[in-house]
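Have a look at the structure below, then the notes.
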Amino acid sequence: MILGGDKSKFEIQHVFAFSVPIYVQDGNKIELINLNPFEVPEDSLHTEAESKFYELLTSLQNAGWKRYIRLVEPRISGAEISKFDTVNEVLGRPVMTGPWSDPTIRLPEELWRSMPIFSDWSFYRGNEYLTVSVQREDSEKDSSKTGTYLFTLTFKSEKRFFSEYFDHSDRNRIKELLPDLLKKLASQRATAESRLKEMGVAIDERYQNPTINILEAQH
């Protein structure tokens, strides 16, 4: 399946499910796409599923998709994973885009197996956002070696992505409300990063937030 415009198109192979829901709150425009690529059969080796998953992530990165870190969460690369005891938890709080979801780092086999049965990797490209989700169901016969995996790719427009920060009643006021929210999230991130530095965790200063075009359009 070919996605993207003429200058930004890329291919997702072996797609077996595809949906484009259109909502009134999105002005009846396409702001959301879901698809499922068929990567591994049922009861595949966990190692095989992991290899196929990282092949998918590599193809996405080659197509220009970059890692996205939630604006409230500290910028931690996958190289720092060994400094954390609990998966998807930083400073005692759950995170959605922590070092475990750094697509440039392949998780060790044991850590891949210990990930939650639902896990997400987040990306952005221009003014588009992508969540790659993995759902795992361990096999009954040999759960330590095999399982069934479902990969889901959810593409969102910038407008759709940031509208989800607000109640439905406020979603038409994104341009007005988002600047104050961004300041709040940036402050929370800075506080967390300061604490982590004191603990010896390196912050990925190279990571920069994506430009938010809906705000740039105001000027």
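For the sequence shown, the UniProt record's numbering assigns the number 1 to the initial residue and increments by one for each residue that follows. C-beta: ideal position from N, C-alpha, C; glycine also. Predicted model, so just to flag it, every value in this text is computed and none were measured.
| Check | Outcome |
| --- | --- |
| Simplified DSSP assignment, three categories, for Ala190 | helix |
| In chain order, each alpha helix (DSSP H) run of at least 4 residues that lies wholly inside the region 72–115 | 109–114 |
| Burial state of Ile69, where buried means 16 or more other Cβ atoms lie within 10 Å | buried |
| Buried versus exposed, by CB contacts within 10 Å (16 or more), residue 228 | Past the edges of the chain, shown from 1 to 219, lies residue 228, and the structure says nothing about it. |
| One or two residues paired with Phe123 in a DSSP bridge | Arg67, Leu130 |
| Pair within 8 Å by beta-carbon distance, Leu32 and Pro21 | yes |
| When Arg93, Arg125, Gln135 are compared against Phe161, the one with the closest alpha-carbon | Arg125 |
| Continuous alpha helix (DSSP H) stretch holding Ser59: start and end | 46–62 |
| CA nearest to the CA of Ile76, picked from Gln208, Asn209, Asp170, Val201 | Val201 |
| Reduced DSSP secondary structure (H/G/I, E/B, other) of Ile117 | coil |
| Euclidean distance between Cα positions of Lys197 and Pro210 | 23 Å |
| Beta bridge counterpart(s) of Asp138 as assigned by DSSP | Gly147 |
| Whole-angstrom distance between Pro108 and Gly78, CA atom to CA atom | 11 Å |
| The region 103–119 in contact with the region 55–71 per 3-pair CB rule at 8 Å | yes |
| Supposed contact pair Phe151 and Leu130 - C-beta distance, whole angstroms, cut 8 Å | So it is not a contact: roughly 12 Å between Cβ atoms. |
| Buried/exposed call for Tyr149, threshold 16 Cβ in 10 Å | buried |
| Pro37 - partner residues in DSSP beta bridges | Val15 |
| When Ile30, Ser169, Ser51, Asn62 are compared against Trp112, the one with the closest alpha-carbon | Ser51 |
| C-alpha distance - Leu45 paired with Gly147, whole-angstrom precision | 6 Å |
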